[in-house]
Amino acid sequence: MKPVGIGILVVGGYGGFGGRLVEALVGLGIPRIWVAGRSIERAQAYCAAQGPAVKPLIFDRARSSDGRLRQLQPDIVIDAAGPFQCYGERPYSLVETCIELGINYLDLADGREFVRGITRFDARAREAGVFVLSGASSVPALSGAAIAAIAEPFDAIEHIHIGISPAGGVVMGPSVLQAILSYAGKTVEVLQDGVWTRRKCWGDLRPERLTVGAEDRLNRRVFSLCDVPDLAVWPDVFPDVKTVYFGAALEPLFNHLGLYALSWLVRLGVLRDAGKLAPLLYRLAGWLPSGEQKGGMFVRIEGMRGARQNSIAQWTLIADGNHGPYIPTMAAEAIVRRVMSGTSPSAGARVCSAELSLADFEPSFSRHNIRTALDDGSACSGRRQSD
Numbered sequence: 083m084k085p086v087g088i089g090i091l092v093v094g095g096y097g098g099f100g101g102r103l104v105e106a107l108v109g110l111g112i113p114r115i116w117v118a119g120r121s122i123e124r125a126q127a128y129c130a131a132q133g134p135a136v137k138p139l140i141f142d143r144a145r146s147s148d149g150r151l152r153q154l155q156p157d158i159v160i161d162a163a164g165p166f167q168c169y170g171e172r173p174y175s176l177v178e179t180c181i182e183l184g185i186n187y188l189d190l191a192d193g194r195e196f197v198r199g200i201t202r203f204d205a206r207a208r209e210a211g212v213f214v215l216s217g218a219s220s221v222p223a224l225s226g227a228a229i230a231a232i233a234e235p236f237d238a239i240e241h242i243h244i245g246i247s248p249a250g251g252v253v254m255g256p257s258v259l260q261a262i263l264s265y266a267g268k269t270v271e272v273l274q275d276g277v278w279t280r281r282k283c284w285g286d287l288r289p290e291r292l293t294v295g296a297e298d299r300l301n302r303r304v305f306s307l308c309d310v311p312d313l314a315v316w317p318d319v320f321p322d323v324k325t326v327y328f329g330a331a332l333e334p335l336f337n338h339l340g341l342y343a344l345s346w347l348v349r350l351g352v353l354r355d356a357g358k359l360a361p362l363l364y365r366l367a368g369w370l371p372s373g374e375q376k377g378g379m380f381v382r383i384e385g386m387r388g389a390r391q392n393s394i395a396q397w398t399l400i401a402d403g404n405h406g407p408y409i410p411t412m413a414a415e416a417i418v419r420r421v422m423s424g425t426s427p428s429a430g431a432r433v434c435s436a437e438l439s440l441a442d443f444e445p446s447f448s449r450h451n452i453r454t455a456l457d458d459g460s461a462c463s464g465r466r467q468s469d
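For the sequence shown, our numbering assigns the number 83 to the initial residue and increments by one for each residue that follows.
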């Protein structure tokens, strides 16, 4: 595999997540970073506030991009644009171009079908000597690292529950809103109690309270089912698993119940696709109540450990509001950091669910004052904490 780390092109690099990722790459000392997107004006405005290593670039993933990439020859292309649920008839055109040109690729995708489908390029990526990693984001990269950290003592994992709740007042970009709204009220397949069943997204309400240590906690959040790669990834990884659930909780509850109501409008046929409301809701975001200025994430597994049945272990994360939106970019940052240290991912195309450990995220957690705790479920161990 050719040396990596000289130049990185970030598609959607001036967006909410892309911009935060570019900040991290600048901090890592990447000498050449291209901020790419369809609006050269937005790219130029963003780059004006960055260092000399960051250059604006007009780039449209949906159209032919091989000429531009052939000219620049970046070592890594990172797709941070989205929404990956709406990539049209040729969703992998950028992936195919990168493989053809011998360029490493990774993305921040959270679209279930998009991420799962990346494996079809494994043979071609191996032949080209490049890595192609999909889902280098909160799910399934960070959720996978958390599962690996708490699953080792278990003989069998039967239930996996994952949840993410952004802080109140965090303004989501139009692409993120469109992704969230796109599956509101839509039917997805989930594994529940050993049976594949069809359920409606954003149609359930499950309360959870997240705590790190004695004092650091979130108010009670209500989670609803979302369609993410984890619903399909973990049944393939753990043959004994009976339930895989992923939910998201909007803060405050008023906002969450609004999306819950939209899901019912889709179910009743009043709305065909709530995703079309994303531009309107983005404009209204500043008028909505803000709620608690903390966000969080949890990964909980249940299963058998020795003679103990129904053993439970949980990893929990809490972040202050202005730091939480960096979390979806941290897996990509960790992969670039590994590349720079000379431990590049192996060639091939795969889901980014077992590529990283929690230790790979610690530099980013520490920089953003993100607190985590791991309760391994043993009777006498209590809770291990990382502040």
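We treat Cβ as the ideally placed atom computed from N, Cα and C, and that holds for glycine.
message: Going by C-alpha to C-alpha distance, which of L440, V212, A131 and G285 sits closest to K268?
response: G285
task: May I ask you to verify whether the stretch 434-442 touches the stretch 216-225, counting CB pairs closer than 8 Å and requiring at least 3?
output: yes
- request: Report yes or no: do the stretch 357-372 and the stretch 246-264 share at least 3 C-beta pairs separated by less than 8 Å?
  value: yes
Within 8 Å, strictly: CB atoms of D322 and E234: no
message: So the candidates are D275, H338 and Y265; which of them puts its Cα closest to the Cα of L287?
response: H338
query: Taking only runs of the alpha helix (DSSP H) that begin and end inside the stretch 202-251, which ones reach a length of at least 4 residues, in chain order?
result: 204-210 and 225-233
- request: Work out the CA separation of H243 and G385 for me, nearest whole Å.
  value: 12 Å
query: So who's on the other strand from K137, going by DSSP bridges?
result: W116
Whole runs of the beta strand (DSSP E) within the stretch 317-379, excluding any shorter than 3 residues: 325-330
task: Pick helix, strand or coil for E195, following the three-state DSSP scheme.
output: helix
query: For the stretch 378-447, which segments carrying the alpha helix (DSSP H) assignment without a break, of at least 4 residues, lie completely within its bounds, in sequence order?
result: 412-422
- request: Classify R551 as buried or exposed, calling it buried when 16 or more other Cβ atoms lie within 10 Å of its own Cβ.
  value: The structure shown does not extend to residue 551, since the chain spans only 83 to 469, so no value can be given for it.
message: Can you list, in chain order, the residues of its chain with a C-beta nearer than 8 Å to that of I90? Leave out the 5 residues immediately preceding and following it.
response: L107, I112, R114, I115, W116, P156, D157, I158, V159, I160 and V418
query: Counting pairs of beta carbons, one from the stretch 376-391 and one from the stretch 402-419, are three or more of them closer than 8 Å?
result: yes
query: Between the C-alpha atoms of T476 and I383, what's the straight-line distance to the nearest angstrom?
result: Within the shown structure, residues of the chain are numbered from 83 to 469, placing residue 476 beyond reach of any answer.
task: With DSSP as the reference, label A125 as helix, strand or coil.
output: helix
- request: Please work out which residues of its chain come closer than 6 Å, Cβ to Cβ, to G100, disregarding the five sequence neighbours upstream and downstream, and give them in chain order.
  value: V92, G94 and A162
message: From the DSSP secondary-structure annotation, give me the bridge partner or partners of E290.
response: R303
query: Are A227 and D402 touching if we call contact CB-CB under 8 Å?
result: no
Own chain residues within Cβ distance below 6 Å of G276, not counting five before or after: K324
message: Just to confirm before moving on: does the CB-CB distance between Q153 and G193 stay below 8 Å?
response: no
task: Would you list the residues sitting across from W278 in a DSSP beta bridge?
output: L273
- prompt: DSSP three-state call for R145: helix, strand or coil?
  reply: coil
query: What are the partner residues of I90, as DSSP defines its beta bridges?
result: I115 and I158
query: Taking the alpha-carbon positions, what's the G199 to W316 distance?
result: 15 Å
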